[in-house]
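A.B. asks:
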Amino acid sequence: MKNLLIVANTPSENTRALAQATLRGCQHPDIESVASVHLEPLAATAEDVMKADGIILGTTENFGYMSGALKDFFDRAYYPVLEQKQGTPYALYVRAGLDGSGTIIAVQRIITGLRWKSIREPLLLHGAYQNQFEHDCEELGTLMAASLDAGVI
Ligand SMILES: Cc1cc2nc3c(=O)[nH]c(=O)nc-3n(C[C@H](O)[C@H](O)[C@H](O)COP(=O)(O)O)c2cc1C
Numbered sequence: 000m001k002n003l004l005i006v007a008n009t010p011s012e013n014t015r016a017l018a019q020a021t022l023r024g025c026q027h028p029d030i031e032s033v034a035s036v037h038l039e040p041l042a043a044t045a046e047d048v049m050k051a052d053g054i055i056l057g058t059t060e061n062f063g064y065m066s067g068a069l070k071d072f073f074d075r076a077y078y079p080v081l082e083q084k085q086g087t088p089y090a091l092y093v094r095a096g097l098d099g100s101g102t103i104i105a106v107q108r109i110i111t112g113l114r115w116k117s118i119r120e121p122l123l124l125h126g127a128y129q130n131q132f133e134h135d136c137e138e139l140g141t142l143m144a145a146s147l148d149a150g151v152i
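If you count by numbering that gives the first Met the number 0, then the sequence shown holds residues 0 to 152, one letter each, in order.
1. State the start and end residues of the unbroken alpha helix (DSSP H) segment that holds Tyr77.
2. Grouping DSSP H, G and I as helix and E and B as strand, with all else coil, what is Ser11?
3. Do Glu120 and Gly24 count as a contact pair if the criterion is CB distance below 8 Å?
4. Exposed or buried, Pro40, counting other C-beta atoms within 10 Å across all chains shown (16 or more means buried)?
5. What residues match up with Asn2 in a beta bridge as DSSP calls it?
6. Pull the bridge partners of His125 from the DSSP assignment, please.
7. Say yes only if the C-beta of Phe72 is nearer than 7 Å to one or more non-hydrogen atoms of ligand 1, and no if none qualify.
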């Protein structure tokens, strides 16, 4: 069994729906050997990262940056996982009101240090909320889980 970890903050009804859609995608019925879990960044620890074979990060953009919760997760987990988790496949989604670019740059800068491996370009969900965002998150979850399941990442 492989472990897929979603670390995503959910301060609103919409962002809760996005995290749930991502998890639903990870748990697609065709995927047999991947166990997926969603944790709030404030609850996620370095030990959770150590156990993960793949990670999906989800964050709101707040004041042009990632959420304080995701930043706190990195503050706590960065050094404890740095050496052993290089090459870990990851994906990112960002929910922003209008922008999101500052958040993508900030997360990617940290990931460059961690040397995690991106499985696709960041998913930016900005503008007025659309149900399509949930489809996009579900697809992202399935892509990561199916790739882990097939052993191609
Ligand atoms: C304190 C605060 C700061 C925010 N700063 C930004 C920002 O800098 N750029 C942006 O695009 N959206 C910003 N937003 C909008 C949030 O990203 C957005 O409301 C959040 O992702 C939740 O999405 P929802 O409104 O669809 O639930 C901010 C929201 C809050 C509450």
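Where is the CB? At the ideal position from N, CA and C, for every residue including glycine.
As the structure is a prediction and not an experimental result, all values here were calculated from the model.
C.D. replies: Based on what the coordinates show:
1. To locate residue 77, count along the sequence shown from 1; it is residue 78. 67-81 is the extent of the alpha helix (DSSP H) around Tyr77.
2. Walking along the sequence shown from the start, residue 11 turns up at place 12. Note: Ser11 maps to coil in three-state DSSP.
3. By 1-based counting over the sequence shown, the position of residue 24 is 25. By 1-based counting over the sequence shown, the position of residue 120 is 121. Contact: no.
4. The sequence position of residue 40 within the sequence shown is 41, counting from 1. That one is buried.
5. Here residue 2 refers to the residue found at position 3 when the sequence shown is read from its first residue. Note: Asn2 sits in a beta bridge opposite Ala34.
6. Taking the first residue of the sequence shown as position 1, residue 125 is located at position 126. Ala95.
7. Translated into the one-based positions of the sequence shown, residue 72 becomes position 73. Phe72 Cβ: outside cutoff for every heavy atom of ligand 1.
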